[in-house]
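Respectively, the protein sequence lines represent chains B and G. Counting with my numbering, you get residues 10 to 312 for the letters of the first sequence. Counting with my numbering, you get residues 10 to 312 for the letters of the second sequence. Where is the CB? At the ideal position from N, CA and C, for every residue including glycine.
2 protein chains.
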Amino acid sequence: MGMTTTAPSLQGAMAAAAAEIDQALDLLLPAEEGPEAPLFAAMRYAAIGGGKRLRGFLVLEGARQFGVSRSAALRVASAIEMVHAYSLVHDDLPAMDNDDLRRGKPTVHRAFDEATAILAGDALQTHAFTVLAEEDTHSDPAVRTELVRCLSKAAGPRGMCGGQMLDMLAEAAGVPLDEPAVGRLQTLKTGKLIEFSAEAGAVLGKAPLAQRHALLAYGRDLGAAFQIADDILDATASTEETGKRTGKDAVAGKATLVGLLGLDRARLQAERLVTQARAHLDGFGERADLLRMLADFVIERRS
Amino acid sequence: MGMTTTAPSLQGAMAAAAAEIDQALDLLLPAEEGPEAPLFAAMRYAAIGGGKRLRGFLVLEGARQFGVSRSAALRVASAIEMVHAYSLVHDDLPAMDNDDLRRGKPTVHRAFDEATAILAGDALQTHAFTVLAEEDTHSDPAVRTELVRCLSKAAGPRGMCGGQMLDMLAEAAGVPLDEPAVGRLQTLKTGKLIEFSAEAGAVLGKAPLAQRHALLAYGRDLGAAFQIADDILDATASTEETGKRTGKDAVAGKATLVGLLGLDRARLQAERLVTQARAHLDGFGERADLLRMLADFVIERRS
């Protein structure tokens, strides 16, 4: 099947999943009531109604391989999207990347204020763990605690936070990183959370370890391809197309694989990663077709 | 027993517990190695070697009532102290309280920089949940999940983060809060985490619900008394005595019970809360003596 026939059904499925995730987030986040309402408003502004929901979609599709209930999968998808949203809110702060635009809207510290943005990010992270730990996520506490363990490791000092530190240090040093260092940075900063998103459905479904590992490996290659595609977009697309400021890697002198390898070789590497990602799904049947299409999609997209 | 004979043994026990908690944090936090070392250094700077460890001490003493292993109790004590430390790092930021001094040392954003402080706070929170979710904390995953659920609720939007939002809103409004509003603010901002610290040992020890609730109620009254004592110290003690900037509530026009009731009536209310706190321990034997002494201590301390 070529992209022309498969892409519409993937994009339809992704849009439907994004809408479901938004509904779930709407129910899971505190309602804008009471004296703390501005905090809840900032959390909702940051988390609801934006983005492709790549991570959430991975959770839902991973969970579908094992017949996990949609409501459980949506809770885990929402928790991961809360952590992703918190990381964007904090990354955008003046002391960090100082961005004014995110998903086509003013960033949280521009729409609210800096203190509220810090606090809303903090609270989104905390709330994600509440959602995972509550009984509605799975009747077996061993599953819930494993989800907490994996998400906190993916987002913590040896995961996303560590990657963000490397990114800041590289920018402060003004010396471009070499290819292994860029790879490590991206694995930590974005890769670990995408890996876990792909793996989470297998945890929820108490899948055999081999299948859990296959999904994790798929997520790893998909995440790496996604990151290269993101860097290519930053280098080539307009702010209007992506809804966030583009061209900023070059301005900031950030080392990316695009900068190190050039556009053509970076595209080739992304294609190789997509082929690898698809190969990890060989043991899965037709149910994994959307995951296969997604691998193609991450390097074809224009936003 | 009067304070003159009991206070020294309590203070010895608290100092010993603080040293044990520091050792545990030293083992549980990432070592200062690798390219992300500055992040790990900032996390360690924020979390290790400071403070009275009131929350950690409550965990350890609560756990002792039910014969919980010291190593398990120390992990939970460390996780709560990580969350407490993260909240201090973020509260001290320029966009929040803009403090230069904490526990007698420069605050994290002064000793490192603002971006590293934001990130170190984030990672301390995440890491706390990793520590709770790991098998070493308890062999029963139901216990680990319950600890995650309770800590995340105490620290989240309807707990500590909500309280911090109320504090910021009150300061921005410039209109002093009334007594119920101050009570609500303090319950959320500091009370919930102290409550859970007192309760956590009962969760670890799978204690009967009545005992778990008694410890939680003890923690609630102790936390309220502690907060009044803190406000009294801010109004009356010097920066040298407390190791942090004092007198700032009056400067900021913050509403505290001391400001609303005056020193004498605030002291009386704190004493009433201490009596209540001790009463919740009536069903516990001699093992709870340190918790009883602690209730007296929180309103006697000078730092």
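Within chain G, the residues placing a beta-carbon under 7 Å from that of Leu102 (chain B) are Ile127, ordered along the chain. No Cβ-Cβ contact shorter than 8 Å links Val283 (chain B) with Ile241 (chain B). With fewer than 16 other CB atoms across the displayed protein chains lying within 10 angstroms of its CB, Asp291 (chain G) is exposed.
From the listed residues G:Arg158, G:Gly130 and G:Arg276, the smallest Cα separation to Ala142 (chain G) is found for G:Arg158. By the Cβ criterion, the stretch 53 to 68 of chain B is in contact with the stretch 81 to 98 of chain B, since at least three pairs of Cβ atoms, one from each stretch, lie closer than 8 Å. The beta-bridge partner set that DSSP reports for Leu110 (chain G) consists of G:Pro115. Judged by beta-carbon spacing, Ala207 (chain G) lies beyond the 8 Å limit of Gln220 (chain G), meaning their Cβ atoms are not closer than that value. With respect to Ala129 (chain G), Ala51 (chain G) sits close: the two C-beta atoms are nearer than 8 Å. Ala244 (chain B) and Leu63 (chain G) have their C-alpha atoms some 52 Å from each other.
By the neighbour-count criterion, in which a residue is buried when 16 or more other Cβ atoms sit within 10 angstroms of its Cβ, Gly65 (chain G) is buried. About 5 Å separates the beta carbons of Glu188 (chain G) and Leu269 (chain G), which is inside the 8 Å limit, making them a contact pair. Identification of chain B residues near Leu175 (chain G) by a Cβ-Cβ cut-off of 8 Å yields Pro44 and Glu45, ordered along the chain. Excluding five sequence positions before and after Asp106 (chain G), the CB atoms of its chain that fall closer than 6 Å to its own CB belong to Asp100, given in chain order. Residue environment: Gln195 (chain G) is assigned as buried (16 or more neighbouring CB atoms within 10 Å of its CB, all protein chains considered). When the five nearest sequence neighbours on each side are left out, the beta carbons in the same chain lying within less than 8 Å of the beta carbon of Pro103 (chain B) are those of His118 and Glu123, in order along the chain.
Judged by beta-carbon spacing, Ala304 (chain B) lies beyond the 8 Å limit of Ala279 (chain B), meaning their Cβ atoms are not closer than that value. In this chain, the alpha helix (DSSP H) harbouring Ser96 (chain G) covers Arg79 to Asp100. The alpha-carbon separation between Phe121 (chain G) and Ser18 (chain B) amounts to approximately 49 Å.
Per DSSP, the continuous alpha helix (DSSP H) segment holding Leu69 (chain B) begins and ends at Leu63 to Arg73. Going by C-alpha positions, Leu299 (chain B) is about 57 Å away from Ala234 (chain G). In this structure, DSSP gives Leu290 (chain G) a state outside helix and strand, which the three-state scheme calls coil. A distance below 8 Å separates the beta carbons of Ala81 (chain B) and His147 (chain B).
Identification of residues in the stretch 81 to 93 of chain G having a C-beta nearer than 7 Å to some C-beta of chain B yields an empty set. Chain-order list of chain B residues neighbouring Ala151 (chain G): Pro150, by C-beta distance under 7 Å. Only those residues of the stretch 45 to 69 of chain G whose C-beta falls short of 8 Å from the nearest C-beta of chain B are listed: Glu45, Pro47, Leu48, Phe49 and Met52. In this structure, DSSP gives Ser148 (chain G) a state outside helix and strand, which the three-state scheme calls coil. The C-beta of Val191 (chain G) has 16 or more other C-beta atoms within 10 Å across all chains shown, which makes the residue buried.
The distance from the Cβ of Ala163 (chain B) to that of Leu202 (chain B) is about 5 Å, consistent with a contact at the 8 Å cut-off. Taking a contact as a CB-CB distance under 8 Å, the pair Gly71 (chain G) and Leu224 (chain G) counts as one, their CB atoms being some 5 Å apart. When rounded, the separation of the alpha-carbon atoms in Leu38 (chain B) and Asp149 (chain G) is 29 Å. Boundaries of the alpha helix (DSSP H) around Met174 (chain G): Met169 to Ala182. Against chain B, the beta carbon of Ala142 (chain G) has neighbours under 8 Å at Thr154, Glu155, Val157, Arg158 and Ser161, listed in chain order. Per DSSP, the unbroken alpha helix (DSSP H) holding Leu300 (chain B) starts and ends at Asp298 to Glu309. Chain-ordered, the chain B residues with CB closer than 8 Å to the CB of Gln134 (chain G) read Asp131, Gln134 and Thr135.
For His99 (chain G), the chain B residues whose C-beta falls within less than 7 Å of its own C-beta are Ile127 and Asp131, listed in chain order.
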